[in-house]
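Let me begin by presenting the structure, written as structure tokens, before commenting on it.
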Amino acid sequence: MSGKSLKAIVESLIFVHDHPLSLDRLALILEEYERADIRIALEDLMEDYAHSDRGVVLVQVGGGYQLRTRPEHADYIRRLNKTKGVKFSQSSLETLAIVAYRQPVTRAEIEYLRGVDSGGVLKSLLEKKLLKILGKKDVPGKPLIYGTSREFLELFDLKDLSSLPTLKEIQELAPPDPFADQPALPLAEEPPAA
Amino acid sequence: MSGKSLKAIVESLIFVHDHPLSLDRLALILEEYERADIRIALEDLMEDYAHSDRGVVLVQVGGGYQLRTRPEHADYIRRLNKTKGVKFSQSSLETLAIVAYRQPVTRAEIEYLRGVDSGGVLKSLLEKKLLKILGKKDVPGKPLIYGTSREFLELFDLKDLSSLPTLKEIQELAPPDPFADQPALPLAEEPPAA
Amino acid sequence: MQENLFHEAMENAYLVQIEQFEGPLDLLLHLIKKNEVDIYNIPIAAITKQYLEYMELLKELNLDIAGEFLVMAATLLQIKSRMLLPVEREDEESEVEDPRAELVRRLLEYQRYREASSDLVVRNLLGRDVFARKFPSPELAEMEPEEEPADVQLFDLIEAFRKILSRVSVDTFHSVGADGISIADRISQVLSILHEAKTVCFDSLFTEEMTRDLLVVTFLSILELCKLKLIKIVQVESLGSIWLTAAATDDGAEAAGPDADDLELEGAFVG
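Residue numbers (my numbering), protein chains in the order written: chain A, -18 to 175; chain B, -18 to 175; chain F, 5 to 275.
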């Protein structure tokens, strides 16, 4: 319960590290402990994990120790990945931002602003239903014009497009400070209680 | 030993996810299981972790469940990560506290309470994702309204907003001081018991 | 004794940064605590004096005094003078509020959030006191990720847009560029050219001596005019010259000028 046992310390280190942790490295970090004791703690820990029916196992891999999920859980973990909501790529975010703020907008305008071909990312945003085609522009070539969808509003929890914060509103938060480079000046503190 | 128990599955999912995992999300992923059973598995797991002397604990934070190291091991982990961890300025902390307790709140309200311009600190907290824009307030001028994010809860080890420590009550009326050279303040909203 | 508080301090050469005080409320709380006075019964004359001394010190050090500090100084002086007025006793029913009441409420409220913020900072902070696995597990990395929108905040969207604009050109969306011309100005210039010439070659609107900013402004003006359907763009043959013509004016569309909504939208990007 104390959690201050060497075994617990070793476990927490292995837990937070994103690579297998070697005995050498552990001995280096835990300088106040004997290497032999750390080795024993590791063996105990291996034993504990092997004899539990837990979802996580301690494995020796790549010259170190690493906690991993049980292989037989792979299917469930894959599902987590599917619903994970991977972060928006920068290109999706840029395109979404341009359409949100400049709609109705054509692909040419988006590409002018982004400076790169945006056909693929537009298609993918259309498939995700975050954008929609508003119609065709009445100019030669009749390019499609894009706008944001209801799903877009839902994603950002917006009542309507007018509640989209403007760039101006954000810039107003912190206007460039002409005195930003001014160094802090030494100032006297209160005198010690006399 | 089979590791195929619901408890073990839930544990492996929580382990592998890089954010707190909510019961809702678990129920969605583990569609073949009853939500009630998942809840029981979670409770069992909480119990197991609480009664072990392991280096990792299961906590409820940011609306979900997450495995975290024990605070008493922080020193060792900092040696591994070579980080000193987050440090906040007084202005960030004040602003976070005000937004946390008063949300949804506008910049003007924050500035009235703090007595100083808070645009810069608001912007920096938005950039750190500790605050989020909730929308615009339905009053003239349509000011932006702010709230705390899930990251805020995660950072400050809060299960949800309702687990914020209770704000201290302001003592409404001072006892009259007979020796005061000035009349005591009639500050009370309600008259003192006569 | 209190008078020379800060000057004494200077002599003692205790160095501290000006950031010590977050604002006037912070300074006032500090003075109240230092003088060990009752916050509900602030000796306003003494506290005001010390507050002003601090302002004086800032001035001597040639520091910029934030406007908020000056506003508070004025408030304190006003309260002080109101405190000197005789309290009218004849009307017992309508109690006159103490001139300090509003200030005390603000100080108490501020103090409350100060305390709340110190409660926050002593919690088990993630990344300082407790640690989680904040990295993609190898188990997950080995699997195909499937992109689904979820983890994005409004602020990300605005930031993305801001970055695009800064990349395109700092001045493009500024109302005044290097040539001192805004999109709105350029729109009317292009329109008047079209009025006279009826049809102009696209290239003729972009000349060599124009700055990059003006080129961009011109281009955006043309886009805007298309959007407003005030001009038509015609390309007779593939890769041939592009021609601009004024849109049909019979219905008075031209007279209506740029749509107010669109201009407002534009305004949103102008810094």
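We put the beta carbon where it would ideally sit given N, CA and C, even for glycine.
{"Check": "V67(A) at chain B interface by Cβ criterion, 8 Å", "Outcome": "Residue placement at V67(A) is flagged as unreliable, the pLDDT there being 48, under the threshold of 50; the coordinate-derived value follows with that caveat. Not closer than 8 Å to any Cβ of chain B, the Cβ of V67(A) fails to qualify, so no."}
{"Check": "First through last residue of the beta strand (DSSP E) which encompasses R49(B)", "Outcome": "45 to 50"}
{"Check": "Nearest residue (CA-CA) to G43(B), options L136(B), K113(B), T147(B)", "Outcome": "L136(B)"}
{"Check": "Terminal residues of the alpha helix (DSSP H) in which Y127(A) lies", "Outcome": "Counting along the chain, Y127(A) falls outside any alpha helix (DSSP H), though it belongs to the beta strand (DSSP E) covering 125 to 129."}
{"Check": "Three CB pairs or more closer than 8 Å across the region -9 to 8 of chain A and the region 18 to 37 of chain B", "Outcome": "yes"}
{"Check": "Alpha helix (DSSP H) runs wholly inside the region 12 to 64 of chain B, at least 4 long, in chain order", "Outcome": "16 to 31, 55 to 62"}
{"Check": "C-alpha distance - L166(A) paired with L88(F), whole-angstrom precision", "Outcome": "Because L166(A) sits at a pLDDT of 41, beneath the cut-off of 50, its placement in the model cannot be relied upon, and the point is left open."}
{"Check": "Local Cβ density within 10 Å of Y57(A), reported as buried at 16 or more and exposed below that", "Outcome": "buried"}
{"Check": "R117(B) to L31(F) span [Cα, whole Å]", "Outcome": "Per the sequence shown, the amino acid found at residue 117(B) is Lys instead of Arg. Straight-line Cα distance between these residues: approximately 33 Å."}
{"Check": "Cutoff 6 Å; reference M76(F); Cβ partners in own chain excluding five residues on either side", "Outcome": "P28"}
{"Check": "Short CB-CB distance (under 8 Å) between Y30(A) and chain F", "Outcome": "no"}
{"Check": "I151(A), DSSP secondary structure in three states", "Outcome": "helix"}
{"Check": "Closer than 9 Å at the beta carbon, the chain A residues around G100(B)", "Outcome": "E153, L154, A155, P156"}
{"Check": "is_contact[S3(B), chain D] using C-beta, thresh 8 Å", "Outcome": "The structure shown contains no chain D; the protein chains it does contain are A, B and F."}
{"Check": "Residues of the region 124 to 138 of chain B with Cβ closer than 8 Å to any Cβ of chain F, in chain order", "Outcome": "S130, E135, L136, F137, D138"}
{"Check": "Whole runs of the alpha helix (DSSP H) within the region 83 to 149 of chain A, excluding any shorter than 4 residues", "Outcome": "88 to 95, 100 to 108, 131 to 136"}
{"Check": "Residues that E(-8)(B) contacts on chain A, provided the C-beta gap is smaller than 8 Å", "Outcome": "R35, G36, V37"}
{"Check": "Rounded distance between the beta-carbons of L145(A) and K104(B), thought under 8 Å", "Outcome": "So it is not a contact: roughly 17 Å between Cβ atoms."}
{"Check": "Nearest candidate by alpha-carbon position, reference E228(F), set I191(F), L209(F), F206(F), D42(F)", "Outcome": "I191(F)"}
{"Check": "Neighbour list for L148(A) in chain B, Cβ cutoff strictly below 9 Å", "Outcome": "Near L148(A) there are no residues of chain B at all, since even the closest Cβ is about 12 Å away, more than 9 Å."}
{"Check": "Cutoff 8 Å: D123(F) Cβ touching any chain B Cβ", "Outcome": "yes"}
{"Check": "Cutoff 8 Å: R137(F) Cβ touching any chain A Cβ", "Outcome": "yes"}
{"Check": "is_contact[A78(A), chain F] using C-beta, thresh 8 Å", "Outcome": "yes"}
{"Check": "Own chain partners of K113(A) with C-beta closer than 8 Å, once the 5 adjacent residues on each side are dropped", "Outcome": "L107, Y127, G128, T129, S130"}
{"Check": "Inter-residue Cα distance where the pair is R191(B) and L4(B)", "Outcome": "With chain B covering -18 to 175 only, the question about residue 191(B) has no answer from this structure."}
{"Check": "Any non-hydrogen atom of the ligand MN within 7 Å of K63(B) CB", "Outcome": "Questions concerning the ligand MN fall outside what the structure shown contains, since it holds no ligand whatsoever."}
{"Check": "Rounded C-alpha distance that separates E150(B) from Y117(F)", "Outcome": "11 Å"}
{"Check": "Rounded C-alpha distance that separates A22(B) from K38(F)", "Outcome": "55 Å"}
{"Check": "Contact with chain B by L142(A), beta-carbon distance below 8 Å", "Outcome": "no"}
{"Check": "Residue-chain proximity (M27(B), chain F), Cβ-Cβ < 8 Å", "Outcome": "no"}
{"Check": "Option in T87(A), I79(A), K(-12)(A), G122(A) with minimal Cα separation from E28(A)", "Outcome": "K(-12)(A)"}
{"Check": "K236(F), DSSP secondary structure in three states", "Outcome": "strand"}
{"Check": "Nearest-angstrom beta carbon gap, I46(F) and R104(F) [assumed within contact, 8 Å]", "Outcome": "6 Å"}
{"Check": "Contact under 8 Å by Cβ, F139(F) with D(-1)(A)", "Outcome": "yes"}
{"Check": "For A78(A): DSSP bridge partner residues", "Outcome": "Per DSSP, none; premise fails for A78(A)."}
{"Check": "contact_flag[the region 43 to 54 of chain B, the region 126 to 136 of chain F] where n(CB pairs < 8 Å) is 3 or more", "Outcome": "yes"}
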